[in-house]
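The structure appears right after this line, and notes come after that.
2 protein chains.
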Amino acid sequence: MEENLKNFKKNEISPAIMRRLPNYLRYLKEKQKEGVEIISSVNIADDMKLSPIQVKKDIASSSKVQGKPRIGFEVDGLIADIERVLGYGNVNDAVLVGAGQLGKTLLSYTGFENYGLNIVAAFDSDPAKCNIKIKNKTVYPVERLSEIIKKYNIRMGIITVPERFAQNICDIMVEAGIKAIWNFAPTHLIVPDKVALKNEDLAASLAILSSQLKVILNKQEN
Amino acid sequence: MEENLKNFKKNEISPAIMRRLPNYLRYLKEKQKEGVEIISSVNIADDMKLSPIQVKKDIASSSKVQGKPRIGFEVDGLIADIERVLGYGNVNDAVLVGAGQLGKTLLSYTGFENYGLNIVAAFDSDPAKCNIKIKNKTVYPVERLSEIIKKYNIRMGIITVPERFAQNICDIMVEAGIKAIWNFAPTHLIVPDKVALKNEDLAASLAILSSQLKVILNKQEN
DNA sequence: AAAATATCGATATTTATTTATCGATATTTA
DNA sequence: TAAATATCGATAAATAAATATCGATATTTT
């Protein structure tokens with residue numbers, strides 16, 4: 001009675017693969033738009049600067065599409081499977097706290113819907129920023145944060161406040177029932193074990209890129 | 001004649017450790033601000049939700065600070081060493097293309113100076129956005145991009161244009177001599193091998209967080 | 001239609017990363 | 001001041017991830 005699911009065991013996808021899946025998805029959708037219907041691991045690997053073996057393994061563990069030797073994989077099938085693994089189509093309502101420059105940028109960003117993010121309300125401590133609408137979303141005074149999280153049973157919170165306020169906002173969110181926090185404040189937050197935390201650290205990305213640049217420039221000197 | 005540098009061999013720090021270093025740095029600076037002068041691996045591990053063994057190993061390979069049994073490591077020394085590894089103090093001049101919402105946010109972001117990013121000029125294709133200053137930085141028409149990169153010998157480029165323009169901007173940058181590209185457009189860019197590319201994919205982060213949230217919520221149902 | 005070739009899936013190997021162990025040592029406690 | 005204890009550095013073991021190998025198969029070439 002065993003299903004024909006190859007390595008597709010128990011939805012257990014490693015973190016390393018999970019990090020690459022969004023890249024595959026973006027790449028495959030571009031190819032789809034170009035009219036490509038079948039693509040091989042070698043092709044993907046060349047374009048994405050990965051090894052073909054890695055691409056094959058990643059596909060095997062995140063999709064049940066069968067590749068054909070000498071031909072490749074069906075693009076539509078890969079896209080559908082990767083989207084499912086990434087939770088495309090799920091909807092997560094979220095609140096955002098901190099309607100400053102960065103907060104407004106996230107509120108305006110249109111790329112999130114596909115990943116199921118639905119920011120239902122924003123909050124700010126500055127009365128001057130409250131009770132206005134940004135991209136159709138109302139900014140409430142931060143005093144109402146807990147109330148609204150509870151009322152709408154919201155599970156995800158986005159923090160875009162200055163770092164000195166971040167822990168306090170985080171605590172309020174956790175107390176009100178938030179289970180996943182996306183933190184853009186450059187600070188270390190303390191959360192209980194059963195709350196997921198993802199720090200978005202632009203400075204860290206920059207540091208990594210800078211060190212790569214240094215390597216490149218050094219090589220060219222030789 | 002061997003130097004007392006422990007595992008501190010050849011400046012070769014693994015990518016996995018490199019990714020964690022900015023987190024350590026942020027954490028240690030907070031402790032420093034609180035007046036903490038010595039800290040143990042167990043302490044760091046508890047707060048950062050890592051294992052003490054991993055913390056010890058990370059410190060050993062990125063710092064030459066000697067820990068004392070039963071005591072810990074000198075905070076100031078750790079900070080200094082990690083900053084050096086991350087290239088804190090290096091200065092990288094950069095150009096930014098795309099003075100929209102996200103571009104303006106990055107131009108205004110103050111957290112980058114410490115990591116040596118110095119955005120010297122911004123560019124946009126919309127004449128209405130040009131020749132104004134944002135946070136003291138002039139926005140030039142994109143036609144002048146190549147010229148200014150070459151004139152000031154700039155090596156890093158930041159792309160915050162809509163995805164359909166990203167590859168074109170990327171090509172102009174590469175042709176003009178850019179060696180490291182920080183891409184915020186949600187698209188797959190093709191660059192030569194000797195150019196470093198870092199894609200900043202907010203949707204990908206979100207996808208990972210969403211899948212963690214799903215796991216948490218499922219556990220609570222049981 | 002047969003031979004050559006490219007890519008597949010599966011498995012094996014290598015490399016990287018994390019976690020565990022253990023003697024040494026600095027502090028704390030008795 | 002001696003014994004107990006916590007944390008260190010170093011090394012070893014275990015786990016995870018990336019890469020290599022190989023027979024099978026679908027297409028292309030001859």
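Going down the list, the protein sequences come from chains A and B. For the first sequence, position 35 matches number 35 in the working numbering, and the numbering has no gaps at all. For the second sequence, position 193 matches number 193 in the working numbering, and the numbering has no gaps at all. Beta carbons are placed, not taken as given, at the ideal position from N, Cα and C, and that holds for glycine.
Starting from residue i, follow the alpha helix (DSSP H) in both directions and report where the run begins and ends.
i                 : result
Asp-76 (chain A)  : 75-85
Gly-72 (chain B)  : Gly-72 (chain B) -> no alpha helix (DSSP H), and no H or E assigned at all.
Phe-165 (chain B) : 163-176
Ala-180 (chain B) : That residue, Ala-180 (chain B), is in no alpha helix (DSSP H); its beta strand (DSSP E) goes 180-183.
Gly-157 (chain A) : Counting along the chain, Gly-157 (chain A) falls outside any alpha helix (DSSP H), though it belongs to the beta strand (DSSP E) covering 156-159.
Glu-221 (chain B) : 202-221
Gly-89 (chain B)  : Looking at the DSSP string, Gly-89 (chain B) is not in any alpha helix (DSSP H), and its letter there is neither H nor E.
Tyr-109 (chain B) : Note, Tyr-109 (chain B): premise wrong, no alpha helix (DSSP H); not H, not E.
Glu-147 (chain B) : 145-152
Tell whether a beta-carbon distance below 8 Å holds between residue i and residue j.
i                 : j                 : result
Leu-21 (chain A)  : Ser-62 (chain A)  : yes
Glu-34 (chain B)  : Glu-74 (chain B)  : no
Ile-39 (chain B)  : Gly-72 (chain B)  : yes
Leu-145 (chain B) : Ala-122 (chain B) : no
Ile-119 (chain A) : Lys-137 (chain A) : yes
Asn-218 (chain B) : Asn-199 (chain B) : no
Asp-81 (chain A)  : Lys-68 (chain A)  : no
Gly-87 (chain B)  : Ser-211 (chain A) : yes
Taking the alpha-carbon positions, what's the residue i to residue j distance?
i                 : j                 : result
Val-142 (chain B) : Pro-192 (chain B) : 22 Å
Ala-251 (chain A) : Leu-197 (chain A) : Past the boundaries of the shown model lies residue 251 (chain A); chain A is included only from 1 to 222, so the question cannot be answered.
Lys-49 (chain A)  : Val-55 (chain A)  : 10 Å
Thr-105 (chain A) : Lys-151 (chain B) : 32 Å
Lys-135 (chain A) : Asn-114 (chain B) : 33 Å
Phe-8 (chain B)   : Ile-53 (chain B)  : Unreliable positioning characterises Phe-8 (chain B) in this predicted model, as indicated by a pLDDT of 45, which lies under 50. The coordinate reading is nonetheless provided below. If you take the alpha carbons of Phe-8 (chain B) and Ile-53 (chain B), they lie about 17 Å apart.
Ser-14 (chain B)  : Arg-70 (chain B)  : 28 Å
Leu-5 (chain A)   : Leu-117 (chain B) : A caution first: Leu-5 (chain A) carries a pLDDT of 38, below 50, which makes its placement in the model too unreliable to give a value.
Leu-28 (chain B)  : Asp-201 (chain A) : 16 Å
Asn-153 (chain B) : Val-195 (chain B) : 15 Å
Thr-160 (chain A) : Tyr-109 (chain B) : 12 Å
Cys-130 (chain A) : Asp-124 (chain A) : 6 Å
Ala-203 (chain A) : Pro-127 (chain B) : 30 Å
Lys-133 (chain A) : Ile-44 (chain A)  : 43 Å
Ala-60 (chain B)  : Leu-189 (chain A) : 25 Å
Lys-214 (chain B) : Gly-89 (chain A)  : 13 Å
Ser-41 (chain A)  : Tyr-24 (chain A)  : 11 Å
Ile-216 (chain A) : Arg-164 (chain B) : 28 Å
Gln-32 (chain A)  : Ile-79 (chain A)  : 9 Å
Ala-166 (chain A) : Phe-112 (chain B) : 19 Å
Met-173 (chain A) : Ala-94 (chain A)  : 11 Å
Asp-47 (chain B)  : Glu-30 (chain B)  : 12 Å
Ala-16 (chain B)  : Ile-17 (chain A)  : 15 Å
Glu-3 (chain B)   : Gln-66 (chain B)  : In this prediction, Glu-3 (chain B) scores a pLDDT of 37, lower than 50, which makes its location untrustworthy; no coordinate-derived value is stated.
Rank the options by C-alpha distance to the C-alpha of residue i and give the top, closest one.
i                 : options                                   : result
Leu-206 (chain A) : B:Asn-92, B:Leu-102, B:Gly-177            : B:Asn-92
Asn-168 (chain B) : B:Ile-17, B:Ile-82, B:Gly-98              : B:Gly-98
Arg-26 (chain A)  : B:Ile-132, B:Ala-176, B:Pro-186, B:Ile-59 : B:Pro-186
Gly-157 (chain A) : A:Gly-67, A:Gly-103, A:Pro-127, A:Arg-84  : A:Gly-103
Arg-19 (chain B)  : B:Tyr-140, B:Ile-216, B:Asp-58, B:Gly-111 : B:Asp-58
Gln-101 (chain B) : B:Val-95, B:Pro-162, B:Phe-112            : B:Pro-162
Gly-155 (chain A) : B:Ala-94, B:Ser-41, B:Gln-220, B:Gln-66   : The sequence as given places Arg at residue 155 (chain A); Gly does not occur at that position. Taking only the C-alpha atoms, the option nearest Arg-155 (chain A) is B:Gln-220.
Ile-208 (chain B) : A:Ile-172, A:Glu-83, A:Lys-214, A:Phe-165 : A:Glu-83
Tyr-140 (chain B) : B:Leu-96, B:Lys-31, B:Glu-175, B:Glu-12   : B:Leu-96
Val-85 (chain B)  : B:Met-173, B:Asp-171, B:Glu-12, B:Gln-66  : B:Glu-12
So residue i is in the beta strand (DSSP E); what residue range does that whole segment cover?
i                 : result
Leu-96 (chain A)  : 92-97
Pro-141 (chain A) : 137-141
Asp-124 (chain B) : 117-124
Asn-199 (chain A) : 196-199
Ile-59 (chain B)  : Segment 52-62 is the alpha helix (DSSP H) holding Ile-59 (chain B); no beta strand (DSSP E) there.
Within the present structure, is the beta-carbon of residue i separated from the nearest heavy atom of the ligand SAM by less than 7 Å?
i                 : result
Phe-123 (chain B) : Within the structure as shown, the ligand SAM is missing, as the structure has no ligands at all.
For the segment 15-47 of chain A, list the alpha helix (DSSP H) runs that are entirely contained and at least 4 residues long, ordered along the chain.
15-33
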